[in-house]
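Here is the structure we will look at.
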Amino acid sequence: MSLKEAESLVKSKQRVADHGEVFTPASMVVEMLNLVKGETGRIDARVLEPACGSGNFLVPVLLHKLVTVQVRYGKSQFEKRHYALFALMCTYGIELLSDNAQECRDNLCAVFNSFLDVDRDNEWARVARWVLEANIVQGDALTMTLPDGEPITFPEWGYLGKGKFQRRDFRYADLTQRASFEGTLFGEIAEEDLFTAVRTHPIMTVHQIAKQVAI
Ligand SMILES: C[S@@+](CC[C@H](N)C(=O)[O-])C[C@H]1O[C@@H](n2cnc3c(N)ncnc32)[C@H](O)[C@@H]1O
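So for the sequence shown, my numbering puts the first residue at 1; every next one is plus one.
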């Protein structure tokens, strides 16, 4: 690795000391993602990076998903756009520092906009920004709280087909418990009975979401 490349992995010595902020080099990200190849290319695989920085992992994860979108749905503009948005909806992060969290949202948005060839005022780009406001959370992944001390919640998005999306919000602390029930007696119980959504939103199309998005 050149000195220039090494320098790009650090913003300042103070931030390294305060927050352990050292970004992962692209080549290492590629190697690590190769270990879970089957998952990263799956459009509906929900991927959460709990210390996401500016998205060094999440950006390639989204790119992998979008490759699948192109292969499966590239011929239909309608399906391509909706599944690309769904891919973005399945990409999550937590980041302590607000500038990093915003960079991460911007980087993911840039990938999405470029894939759909839309500019930032287009309704798809506006909805993507709104999704990322919810999916990339500025908060503390260890205490599972927001800067104001409230619990972190994440939207769970579903694509119902025919242009319709469903959003239900869950507490992050509850989501982390899901895996621990697998393979136990409780694993037989439907997830809805174990974990209650803190909010269920109406089913909406992109156009309907865009109309109520101020971003
Ligand atoms: C080692 S860097 C890695 C960033 C990114 N994952 C990458 O590989 O390039 C760690 C990141 O975690 C953030 N961070 C530190 N403590 C955190 C916490 N308790 N919750 C969430 N993020 C945290 C830092 O601000 C920093 O951006």
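Just so you know, even glycine gets a beta-carbon here, dropped at the ideal spot from N, CA and C.
Source: prediction; values computed, not measured.
By the neighbour-count criterion, in which 16 or more other beta carbons inside 10 Å mark a residue as buried, LEU108 falls on the buried side.
Between ligand 1 and the CB of GLY163, the shortest heavy atom gap is not smaller than 8 Å. In this structure, DSSP gives GLU156 an extended state, which the three-state scheme calls strand.
9 Å or more divides the Cβ of ASP18 from the Cβ of TYR159. Relative to ligand 1, even the nearest heavy atom lies 8 Å or more away from the CB of ALA197. Annotation for LEU62: the continuous alpha helix (DSSP H) segment containing it runs 58-73.
Burial state of GLU156 is buried, judged by a 10 Å Cβ sphere holding 16 or more other Cβ atoms. Counting C-beta pairs closer than 8 Å gives three or more between the region 47-60 and the region 21-34, which meets the contact rule.
Each residue's CA atom was taken as its position, placing MET1 and GLU49 some 25 Å apart. Restricting attention to alpha helix (DSSP H) runs no shorter than 4 residues, the region 68-119 encloses them at 77-89 and 98-116, ordered along the chain.
Burial check for GLN138: the Cβ neighbour count within 10 Å reaches 16 or more, so the residue is buried. Annotated three-state conformation of GLY161 is strand, per DSSP.
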